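The structure appears right after this line, and notes come after that.
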Amino acid sequence: GNSVTQMEGPVTLSEEAFLTINCTYTATGYPSLFWYVQYPGEGLQLLLKATKADDKGSNKGFEATYRKETTSFHLEKGSVQVSDSAVYFCALSIVETSYDKVIFGPGTSLSVIP
Amino acid sequence: DTGVSQNPRHKITKRGQNVTFRCDPISEHNRLYWYRQTLGQGPEFLTYFQNEAQLEKSRLLSDRFSAERPKGSFSTLEIQRTEQGDSAMYLCASSQRGGSGNTEAFFGQGTRLTVV
Chain H
120 GNSVTQMEGP VTLSEEAFLT INCTYTATGY PSLFWYVQYP GEGLQLLLKA TKADDKGSNK
180 GFEATYRKET TSFHLEKGSV QVSDSAVYFC ALSIVETSYD KVIFGPGTSL SVIP
Chain Y
32 DTGVSQNPRH KITKRGQNVT FRCDPISEHN RLYWYRQTLG QGPEFLTYFQ NEAQLEKSRL
92 LSDRFSAERP KGSFSTLEIQ RTEQGDSAMY LCASSQRGGS GNTEAFFGQG TRLTVV
């Protein structure tokens, strides 16, 4: 089946630290990969995406590279800010099927302290 | 366009009561999805519409749950005889597939249900 696994949190970092959140997936077919972010009390926002192998998605200083050989899509940021505190969800969608429901990982909570 | 809109944002209800949530997708999107998110978990797929047709329902969607999208625009999710285990955030998303192009799913702010 299709599934997403993320590193467990919570993750606590000091401001300006380097962030990595690991994500691996299993999929039948050729998925698109996403990172969604959920700030406290808010809905899900798409942070970045990649639709094919070796694509790099990037936004707001965050990056993730679609690695087909390792079935991974790790999220990185070189210098986190307090405002990055949120829950991050890795997700996939199988676009060649007749529908494209998004399958989410369990989420990783990030707290950035000043 | 203001994105996906969900109402109400919060709902507190007594066990056994019925509740109904509404989702207004992005206007040109033909696909609409409902998800449920419990505390500390990722969203779980509940059901999906292509225009007005409901094409898939998850096993999570018990017979107390019903969703409609009567004119292929807004959708409603009704829960009958609510139970405490129904307490969760209910998320709606929409996307466009085909026609004018394909998009990823855009999510609303969600409706937080608390059953007391």
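Each protein sequence line maps, in turn, to chains H and Y.
Residue 193 in the numbering used here is what sits at position 74 of the first sequence, and the numbering runs on without skipping anything.
Residue 137 in the numbering used here is what sits at position 106 of the second sequence, and the numbering runs on without skipping anything.
Backbone N, C-alpha and C define an ideal beta-carbon position, used for all residues, glycine too.
As the structure is a prediction and not an experimental result, all values here were calculated from the model.
Whose C-alpha, out of the options, is nearest the C-alpha of residue i?
i: Y/E75; options: H/S228, H/L229, H/S230 and H/G224; result: H/G224
i: Y/Y64; options: Y/S125, Y/T44, Y/R40 and Y/R90; result: Y/S125
i: Y/R100; options: Y/R62, Y/Q111, Y/T33 and Y/L92; result: Y/R62
i: Y/N38; options: Y/P56, Y/K45, Y/R46 and Y/G47; result: Y/P56
What does the alpha-carbon distance come out to for the pair residue i and residue j?
i: H/S191; j: H/W154; result: 12 Å
i: H/L167; j: H/Y207; result: 11 Å
i: H/V240; j: Y/A136; result: Nothing about residue 240 of chain H can be read from this structure; chain H reaches only from 120 to 233.
i: H/T189; j: H/A172; result: 11 Å
i: H/E134; j: H/R186; result: 28 Å
i: Y/G103; j: Y/N82; result: 4 Å
i: H/C209; j: Y/R95; result: 30 Å
i: Y/Q127; j: H/L165; result: 15 Å
Would you check if the distance between the CB atom of residue i and the CB atom of residue j is smaller than 9 Å?
i: H/A169; j: H/I213; result: no
i: Y/Q72; j: H/G160; result: no
i: Y/S106; j: Y/F138; result: no
i: H/L229; j: H/L163; result: no
Please classify residue i: is it buried, with 16 or more other beta-carbons within 10 angstroms of its beta-carbon, or exposed?
i: H/T139; result: exposed
i: H/F129; result: According to the sequence displayed, residue 129 of chain H carries Pro and not Phe. It is exposed - the Cβ of H/P129 has fewer than 16 other Cβ atoms within 10 Å.
i: Y/R40; result: exposed
i: H/S198; result: exposed
i: Y/R112; result: exposed
### Message
Can you confirm whether the region 48-62 of chain Y touches the region 136-147 of chain Y when touching is taken to mean that 3 or more C-beta pairs between the two stretches lie within less than 8 Å?
### Response
yes
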